[in-house]
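In the UniProt record's numbering, the protein residues as written are 1 to 592.
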């Protein structure tokens, strides 16, 4: 078959596939145009998930007849100053949105420029122009796209259900609304109004709370940071206020919503010590930088960006989040307390069971060899404490500290502490796990984890995959107190182990660490896996559930929590304590 030029209309429809992937893509482009036009009110309406109708009305600057005629031509735009792609300050700039939508839908535009005696309108049906006419449209612009993808049935076939497509549109409009609090946004669908966000002026936090809810407001902290001309601001949720996916992460670069791997990785790295791999924080982050230092012309959807110095931006995000988390993560999400109150109100509260006095020894390390007996410990340290008395036998203490004074232990698992205005329920294992983990990290950063030398080095035989996983990490593992060296083609020699673990089962320890390191092979992944090794050691060597604690030991744990970074959650993101205010308790008994 000879080479020939494609029909211009077919070219437009092919190109439209890059810009208008689904109804939500069309909505995004139209709302961005409205914002670029200076709109202070944007009303969006859709029917059948956007397939039968998309309508966007704004009160922006509008267009005159000449601009309207050019607006539906491909690569016609008013947003690139002097053709300079390095200084883009608008959301749109490619000049592809309207012609792309017009190529795959029945598009009608009514608009009126400020000060114009009358408006004008134009219609384009699946790429065919129907001509320009006068209109009595009062102000701004109204755009209607009907029968989306009717001219490209293959694309229409692969759209998802109406509910799914509507949900995608909701997400798109919310993301744009969050970055532009100066405008009022409303969205309606077949079922009626979905939301209506009043304008908030310059109060970006208020807009964030409009979208994410007052519950997020009560469980979030503010971020403010700057480095070498790059500014970061926004709000981030407490680790205990997390989600099962990353859908609630909003990131903006110069007001443009983006979904970029750089930010996804930075957020994950910042919360690594506070959340398990299957949980994701809620954040709203705003990056402001010189437009010349970021390339937004990476993809037609404009959702990806490239920075001149990505390391600077990533470091700013990770550093700001980590620092603020260390300062704020003593707080636990108040949703946990409300959930507890709800359970108690339904009559399903925990039953107190006072433990009988008994002596007990340190919990066994997960790597302790068979027959090894742990020895009791005299004081509360990084390892598990010993208990030999009842909480109610201890002298009374004033609950002046933030986490109060220990009053009882429930089911040898939960510590009940009285605060000045309520009570705190502490998960003793989760709390001590965080304390041990932070101590290990501090040891590693300052001088390396304390280690103990084996009298007789242990030889651990490993398969090839485990050997390959361990070999690149020998120096890093030494900082954890685990000194290994190769011992022939299929074995490792263990010379030193972390002192905190006591006597260990070297074979099990080395095999477990090799399996952890094998999950990710890149350098950054190795660092994350090594932190996971440390967290695993902390988890297995902390106070276990079912261990009886004396009042001094419980109070020692509470005081340690108050000075430990991230003490409100364990290494897996579970809350370490729940605080119940006296006012809430009084409501349960009808006192309020």
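From the three backbone atoms N, C-alpha and C, an ideal C-beta is built for every residue, glycine too.
Exercise. Across which residues does DSSP place residue 417 in a beta bridge pair?
Worked result: As a first step, residue 417 is located in the chain shown; it is residue number 417 there, counting from the start. DSSP output for residue 417 lists 406, 424 as bridge partner(s).
For this session: For residue 3, count neighbouring C-beta atoms within 10 Å of its own C-beta (all shown protein chains included) and say buried if the count is 16 or more, exposed if not.
Result: In the chain shown, the residue the question calls residue 3 occupies position 3. The Cβ neighbour count for residue 3, taken over all protein chains shown within 10 Å, is under 16; the residue is labelled exposed.
Exercise. For the segment 305–314 against the segment 285–293, are there 3 or more C-beta pairs whose distance is under 8 angstroms?
Worked result: Enough Cβ pairs lie closer than 8 angstroms, so yes.
Problem set entry | CB-CB length for residue 573 against residue 239, believed under 8 angstroms | For the purposes of this step, residue 573 is taken as residue 573 along the chain shown, with counting starting at 1. For the purposes of this step, residue 239 is taken as residue 239 along the chain shown, with counting starting at 1. With 8 angstroms as the limit, residue 573 and residue 239 qualify as a contact, their Cβ atoms being about 5 angstroms apart.
For this session: Return the CA-CA distance between residue 51 and residue 147, expressed in angstroms with no decimal places.
Result: Here the question's residue 51 lines up with position 51 in the chain shown. Here the question's residue 147 lines up with position 147 in the chain shown. Computed Cα separation, rounded: 6 angstroms.
For this session: Within the same chain, show all residues whose beta-carbon is closer than 6 angstroms to that of residue 106, passing over the 5 residues directly before and after it, in chain order.
Result: Here the question's residue 106 lines up with position 106 in the chain shown. Answer for residue 106: 125, 146, 147, listed in chain order.
For this session: Under the assumption that residue 119 contacts residue 135 (Cβ atoms under 8 angstroms), give the Cβ distance between them as a whole number of angstroms.
Result: Translated into positions along the chain shown, residue 119 becomes position 119. Translated into positions along the chain shown, residue 135 becomes position 135. Right, their Cβ atoms sit about 4 angstroms apart.
Exercise. Would DSSP call residue 524 helix, strand or coil?
Worked result: The count along the chain shown starts at 1 and reaches residue 524 at position 524. Below a pLDDT of 50, predicted positions are generally treated as unreliable, and residue 524, at 45, falls in that range; the measurement from the model is reported next regardless. Reduced to three states, the DSSP call for residue 524 is helix.
For this session: Measure the C-alpha to C-alpha separation of residue 361 and residue 428 and round it to an integer number of angstroms.
Result: The residue labelled residue 361 in the question sits at position 361 within the chain shown. The residue labelled residue 428 in the question sits at position 428 within the chain shown. Reliability fails at residue 361, whose pLDDT of 34 lies under 50, so the model's placement of it is uncertain and no value is given.
Exercise. Mind checking whether residue 128 and residue 99 have CB atoms under 8 angstroms apart?
Worked result: For the purposes of this step, residue 128 is identified with residue 128 of the chain shown, where counting begins at 1. For the purposes of this step, residue 99 is identified with residue 99 of the chain shown, where counting begins at 1. No, Cβ-Cβ distance for residue 128 and residue 99 is not below 8 angstroms.
Exercise. Are there 16 or more other CB atoms within 10 angstroms of the CB of residue 222, so buried, or fewer, so exposed?
Worked result: Position 222 of the chain shown, counted from the start, is the residue given in the question as residue 222. Under the 10 Å beta carbon count, residue 222 is surrounded by fewer than 16 other beta carbons and is classified as exposed.
Exercise. Quick one: Cα of residue 417 to Cα of residue 589, how far?
Worked result: In the chain shown, counting from the first residue as 1, residue 417 sits at position 417. In the chain shown, counting from the first residue as 1, residue 589 sits at position 589. Each residue's Cα considered, the two are about 20 angstroms apart.
Problem set entry | N- and C-terminal bounds of the beta strand (DSSP E) containing residue 120 | Locating residue 120 in the chain shown gives position 120, where the first residue counts as 1. Where residue 120 is concerned, the enclosing beta strand (DSSP E) stretches over 119–125.
For this session: Output yes if chain C places a C-beta closer than 8 angstroms to the C-beta of residue 249; else output no.
Result: In summary, chain C is missing from the structure at hand, where a single protein chain is found.
Problem set entry | Classification of residue 224 by the beta-carbon crowding that lies within 10 angstroms, buried from 16 upward | Counting from one through the chain shown, the residue named residue 224 turns up at place 224. So residue 224 counts as exposed.
Problem set entry | Limits of the unbroken alpha helix (DSSP H) element including residue 166 | Locating residue 166 in the chain shown gives position 166, where the first residue counts as 1. Counting along the chain, the alpha helix (DSSP H) containing residue 166 begins and ends at 162–179.
Exercise. In the structure shown, what three-state DSSP assignment does residue 504 receive?
Worked result: In the chain shown, counting from the first residue as 1, residue 504 sits at position 504. Under the three-state reduction of DSSP output, residue 504 falls in the coil class, being neither helix nor strand.
For this session: With residue 483 as the anchor, note down where its beta strand (DSSP E) starts and where it stops.
Result: Counted from its first residue, the chain shown places residue 483 at position 483. That run of the beta strand (DSSP E) goes 483–486.
Exercise. Quick one: what's got a C-beta closer than 7 angstroms to residue 185's C-beta in the same chain, skipping five residues either side?
Worked result: In the chain shown, residue 185 corresponds to position 185, counting from 1. Cβ within range, chain order: 42, 173, 177, 197.
Exercise. When the Cα atoms are used, what is the spatial distance from residue 421 to residue 587?
Worked result: On the chain shown, position 421 is the one that residue 421 refers to. On the chain shown, position 587 is the one that residue 587 refers to. Between the alpha carbons of residue 421 and residue 587 lies a gap of roughly 14 angstroms.
Problem set entry | residue 510 to residue 460 span [Cα, whole Å] | Along the chain shown, read from residue 1 onward, the residue named residue 510 stands at position 510. Along the chain shown, read from residue 1 onward, the residue named residue 460 stands at position 460. Each residue's CA atom was taken as its position, placing residue 510 and residue 460 some 8 angstroms apart.
For this session: On the DSSP bridge assignment, give the partners of residue 593 in chain order.
Result: The requested residue 593 does not occur in the structure, where the chain is confined to residues 1 to 592.
Exercise. Taking the beta strand (DSSP E) that residue 20 falls in, what are its first and last residues?
Worked result: In the chain shown, residue 20 corresponds to position 20, counting from 1. Run containing residue 20: none; DSSP gives neither H nor E here.
Exercise. How many angstroms separate the CA atom of residue 101 from the CA atom of residue 150?
Worked result: Counted from its first residue, the chain shown places residue 101 at position 101. Counted from its first residue, the chain shown places residue 150 at position 150. Approximately 11 angstroms, taken between the alpha carbons.
For this session: Determine the burial state of residue 245: buried for a count of at least 16 other Cβ atoms within 10 Å of its Cβ, exposed for fewer.
Result: Translated into the one-based positions of the chain shown, residue 245 becomes position 245. Result: exposed.
For this session: Please work out which residues of its chain come closer than 8 angstroms, Cβ to Cβ, to residue 170, disregarding the five sequence neighbours upstream and downstream, and give them in chain order.
Result: The residue given as residue 170 occupies position 170 in the chain shown. Within its own chain, the residues whose Cβ lies closer than 8 angstroms to the Cβ of residue 170, once the five positions on either side in sequence are excluded, are 187, 194, 195, listed in chain order.
Exercise. What are the complete beta strand (DSSP E) segments, minimum 3 residues, inside the segment 28–60?
Worked result: If we require 3 residues or more, the beta strand (DSSP E) runs fully inside the segment 28–60 come out as 41–47, 53–58.
Problem set entry | CA nearest to the CA of residue 199, picked from 190, 210, 189, 192 | Position 199 of the chain shown, counted from the first residue, corresponds to residue 199. Closest by C-alpha distance to residue 199, out of 190, 210, 189, 192, is 210.
Exercise. Among the residues of its own chain, which have a CB less than 7 angstroms from the CB of residue 275, if the five just before and after it don't count?
Worked result: Position 275 of the chain shown, counted from the first residue, corresponds to residue 275. Within the same chain, residue 275 has close Cβ partners 239, 242, 281, 573.
Exercise. Pick from 445, 61, 255: whose alpha carbon is nearest that of residue 112?
Worked result: In the chain shown, residue 112 corresponds to position 112, counting from 1. Of the candidates 445, 61, 255, the residue whose Cα lies closest to the Cα of residue 112 is 61.
Exercise. Any idea if residue 287 is buried or exposed, counting beta-carbon neighbours within 10 angstroms, 16 or more meaning buried?
Worked result: Translated into the one-based positions of the chain shown, residue 287 becomes position 287. Buried is the call here.
For this session: Going by CA-CA distance only, name the one from 67, 157, 508, 141 that's closest to residue 23.
Result: Locating residue 23 in the chain shown gives position 23, where the first residue counts as 1. Looking only at 67, 157, 508, 141, the smallest Cα-Cα distance to residue 23 is reached by 157.
Exercise. What separation, rounded to the nearest whole angstrom, lies between the Cα atoms of residue 143 and residue 257?
Worked result: Against the chain shown, residue 143 aligns to sequence position 143. Against the chain shown, residue 257 aligns to sequence position 257. Each residue's alpha carbon lies about 22 angstroms from the other.
Problem set entry | CB-CB length for residue 452 against residue 499, believed under 8 angstroms | On the chain shown, position 452 is the one that residue 452 refers to. On the chain shown, position 499 is the one that residue 499 refers to. Between residue 499 and residue 452 the Cβ distance is about 4 angstroms, and since that is below 8 angstroms, they are a contact.
For this session: List the endpoints of the continuous beta strand (DSSP E) containing residue 233.
Result: As a working note, residue 233 is residue 233 in the chain shown. First-last of the beta strand (DSSP E) with residue 233: 230–237.
For this session: Quick one: which unbroken alpha helix (DSSP H) runs of 4-plus residues sit fully inside the segment 182–269? Chain order, please.
Result: Within the segment 182–269, the runs of alpha helix (DSSP H) at least 4 residues long that lie entirely inside it are, in chain order, 204–212, 214–218.
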